[in-house]
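Residue numbers for the sequence shown, in the working numbering: 776 to 1185.
For glycine and all other residues, C-beta sits at the position ideal for the given N, C-alpha and C.
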Amino acid sequence: MTSLDHELQQRLSALREQGLHRELRRIDSAQGTQILIDGAVLCNFSSNDYLGLANHPALKEAAQNAVAKFGAGAGASRLVCGSLAPHHQLEETLARFKGTEAALAFSTGYAAATGAICAVAGKEDVIVVDKLVHACIVDAARLSGAKLRVFDHNDLNDLEKILKWAAARPRTTGAPSRALIVTESVFSMDGDIAPLREIVELKEKYGAWLMIDEAHATGLYGKKHCGLAEELQIADRIELQMGTLGKALGASGGYICGSRTLVEYLLNRARSFIFSTAPVPAAAAAATAAIELVQSAEGEQRCRTLRAQIESTAKALERLAPQFAPNLKAPVAKPVAPLSAIFPLLIGDERGAVSVATALRAKGIFVPAIRFPTVARGSARLRITLSASHSVGDVQTLVRALDEIINHQS
Ligand SMILES: *Cc1c(COP(=O)(O)O)cnc(C)c1O
C-alpha cells in the first residue's frame, strides 16, 4: 500500500465512524419514479427530475437528432470551434424563456456559479450569501478572493447589517464599493423559499448586485414556469439569474440569464466557460426541448399534477411527523409561491438518518440519507422529493412506509 493510500484509508475509517461515509449506488434503469437497483425495482423519491422529463420522449428525440446531425462530442471549447448550433439555439431559447436580453450556457450549474461569481466579484468586493446556499456558491465565493459574508438563513435584518457594513467599507483603490448578494430562490435541502422581493429591495437600497440560483425553481414556478423571480414579478430587477438544466428541465448543463453586456462579459471572463470543452450537442438540444415543453400545454399539465401531489403529500406528512414543518412554512409574509416539491425529514443524527433510509429501502422505497457536507453536521435528513410522474399510489406507499418506521410499527 502506498503511503497516500494508507493515509486515505485512515481518513475513510474516520468517515465511517462518524456515519459520513458514502458510496455510489448503481442504477440499472433510466431515471424515473421506478428505478432498478441490485435487481430490485424501487420507488424513487430522491431525484430532482421534478417534472419527469429526464426520460421523456421529446427530450430523447431532440438528443438523438442532435447526435445524428452534430455528433457525440463538441470537439473544442465554445470560444475555439465548439460553439455549435444547438448551443446557440439553447441560449436563444433560454433568453426568450426568461425574458432577458441574453443567456449563456455552461456545462453544469456548478460551472455557471463559479464562472459567473468569480468573473463578477474579485478581491476588492464583498460577496454576501445566505447561510444555506449550495456548495457551488460557497466554493465560487472563496475562489473569487472576495470577502465572504454569510447572513442567517432568510434573515433580512442580518442581511441588511452586512450590506450597511459593506457600503461603508473603505477600499484600497478608491473605486466604488461593491457587494454581490447570492441566494437561492427555493433552497435545495430544505425546500423553503427566499424572501426575494425584500432582498431585491435591500439590494437596491444599498446599491448591491443580486444573483439568484433558481436550480429548484426553474420550470416549476411562475406563469411561464421560469422560476420564482417570475412568479414574484421581480426578474427584471435581478442582475444575474442562474439555474441548472439538469433538474426540472431533465437534461444537463447550467445557465446565466441577464443583460447582453453581462453575457458578453462572462464569455470573455468566466474561466469555467472559457477553459472547458463545450457541452455535448445532445445535452444542449435536450435542454432546448425541455424549455419548450415546460411552456406547452403538457408542461402546464405536469406542473399542475406536481402541485396537486405536493399539496396532498404535505397534508399527509404533516399528520404523520411534525419534523416536516420547515417545508410547510413559507417565510415570505404572503405565501405567494406554493410549497416546493422538497420535503426534508430532519433526523439530526447521521447514523439515524442512514437507518431510516435503510428501513425505507427494505420497504421498496429509495430515499438516501443526506448528510454532511451536503447539510450541516447533526442535521442529517431524508430529503424526499416529488415528481409529476409519481402516482397517487406511490405517495400512499411512501406515507404508509414512513408511518410504520416513524411510529415503530415494524
Ligand atoms: C444542483 C444545484 C446546483 C448545481 O447544478 P448542476 O447543474 O447540478 O451542476 C447549483 N445550485 C443548486 C442550488 C443546486 O441544487
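Among residues of its own chain, excluding the 5 on either side of G897, which ones have a beta-carbon nearer than 8 Å to its beta-carbon? Correct list, in chain order: S919, G920 and A921.
Secondary structure of L1075, DSSP reduced to three states: A small fix is needed here, since residue 1075 is Glu in this sequence, not Leu. Of the three classes helix, strand and coil, the one that applies to E1075 here is helix, per DSSP.
Within the segment 829–864, ranges of the beta strand (DSSP E) (whole runs, at least 3 residues): Runs of the beta strand (DSSP E) lying entirely within the segment 829–864, each at least 3 residues long, are absent.
Using C-beta distances below 7 Å, list every residue in its chain close to V1111, excluding the 5 sequence neighbours before and after it, in chain order. Low confidence applies to V1111: its pLDDT is 42, below 50, so where it sits in the model is not reliable enough to give any reading.
T1149 vs S821 beta-carbon contact at 8 Å: Between T1149 and S821, the gap from beta carbon to beta carbon reaches 8 Å or more.
Roughly how many angstroms separate the alpha carbons of I974 and A849, rounded to a whole number? The C-alpha of A849 is placed about 39 Å away from the C-alpha of I974.
Anticipated Cβ contact below 8 Å, F881 with G890, distance rounded: Yes, F881 and G890 are in contact; Cβ-Cβ is about 6 Å, under 8 Å.
Measure from the alpha carbon of L1020 to the alpha carbon of each residue in L834, A860, C1078 and L1042, then state which is nearest. Residue L834 holds the alpha-carbon nearest to the alpha-carbon of L1020 among L834, A860, C1078 and L1042.
Beta-carbon proximity of L923 to V908, cut-off 8 Å: L923 places its beta carbon 8 Å or farther from that of V908.
How would you call P861, buried or exposed, if buried means at least 16 neighbouring beta carbons within 10 angstroms? Buried.
Alpha-carbon spacing of A969 relative to T958, whole angstroms: In this model, A969 and T958 are separated by some 8 Å (Cα to Cα).
P1054 burial status per 10 Å Cβ neighbour count (16 or more: buried): Looking at its Cβ environment, which holds 16 or more other Cβ atoms inside 10 Å, P1054 is buried.
Inter-stretch contact at 8 Å, needing at least 3 Cβ pairs: the segment 1054–1071 / the segment 982–1000: At 8 Å Cβ cutoff, the stretches touch.
Nearest-angstrom Cα separation, counted from Q1084 out to R946: Roughly 51 Å separates the two Cα atoms.
Given this structure, state the Cα-to-Cα distance separating L1092 from A815, to the nearest angstrom. Going from the Cα of L1092 to the Cα of A815 covers about 26 Å.
By DSSP's criteria, A878 is part of a beta bridge. Which residues make up the other side? Partner(s): C1032.
Under 8 Å: do the segment 782–794 and the segment 975–990 share three or more Cβ pairs, one atom per stretch? No: fewer than three Cβ pairs fall under 8 Å.
Check L985 in the structure and name its three-state DSSP category. DSSP places L985 in strand when its eight states are reduced to three.
Per the DSSP calculation, Q793 is bridged to which residue(s)? Per DSSP, none; premise fails for Q793.
Residues near T883 by beta carbon distance below 8 Å, same chain, minus five either side: Cβ neighbours of T883 within its own chain (closer than 8 Å, five residues either side excluded): T1019, G1021, S1027, G1028 and G1029.
Compute every distance between the C-beta of H909 and the non-hydrogen atoms of ligand 1, then say whether any falls below 7 Å. Yes; taking the cut-off as 7 Å, the Cβ of H909 has a heavy atom of ligand 1 nearer than that.
Nearest-angstrom Cα distance between G761 and A1128? The structure shown does not extend to residue 761, since the chain is modelled only from 776 to 1185, so the question has no answer here.
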